[in-house]
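Using this note's numbering, the letters of the sequence shown correspond one by one to residues 1 to 84.
A virtual CB, placed ideally from N, CA and C, is assigned to each residue, including glycine.
Please read these numbers as outputs of a predicted model, since none were measured by experiment.
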Amino acid sequence: MTKDAETTCVLKETLTPLLLPAAGVAQLLSVSVRMVWNMHQEGSLGPLPVHLGRKTLWRTEELTEWTRNDCPSRERWMAIRKPR
Numbered sequence: 001m002t003k004d005a006e007t008t009c010v011l012k013e014t015l016t017p018l019l020l021p022a023a024g025v026a027q028l029l030s031v032s033v034r035m036v037w038n039m040h041q042e043g044s045l046g047p048l049p050v051h052l053g054r055k056t057l058w059r060t061e062e063l064t065e066w067t068r069n070d071c072p073s074r075e076r077w078m079a080i081r082k083p084r
């Protein structure tokens, strides 16, 4: 294996994605993808997604912080989160 290939393998194993699609959010929260969309629609998933082209993605860092704060509703989350 070349040095570049080794570096690429290490990077793939150590990088945490900055943004997650609904499937990644579901895996992170141990719920179904349908549950992620339902939570988003009803406002119980605190963080709002970002849109890149046609993709809807959530910030991994914000999801982590949201869970550290006991997963408050979106309304409460918007009031207590740190401004960007």
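Contacts around residue i, its chain only, beta-carbon distance under 8 Å, and the 5 residues preceding and following it disregarded
i     : result
Lys55 : Pro21
Thr67 : Leu29
Glu75 : Gly43
Glu61 : Leu18
Inter-residue spacing [alpha-carbon to alpha-carbon] between residue i and residue j
i     : j     : result
Pro72 : Arg34 : 19 Å
Thr16 : Met78 : 24 Å
His51 : Asp70 : 25 Å
Trp37 : Leu63 : 14 Å
Gln27 : Gly53 : 23 Å
Residue i burial status per 10 Å Cβ neighbour count (16 or more: buried)
i     : result
Gly46 : buried
Pro83 : exposed
Arg40 : It is worth fixing the name first, because residue 40 is His in this sequence and not Arg. That one is buried.
Leu18 : exposed
Residues of its chain near residue i, where Cβ-Cβ distance is below 6 Å and the 5 sequence neighbours each way are ignored
i     : result
Trp58 : Leu20, Val25, Pro47, Pro49
Thr14 : none
Ala23 : Val33
DSSP state of residue i mapped onto helix, strand, coil
i     : result
Val50 : strand
Arg81 : coil
Leu19 : strand
Leu57 : strand
Val25 : helix
Leu45 : coil
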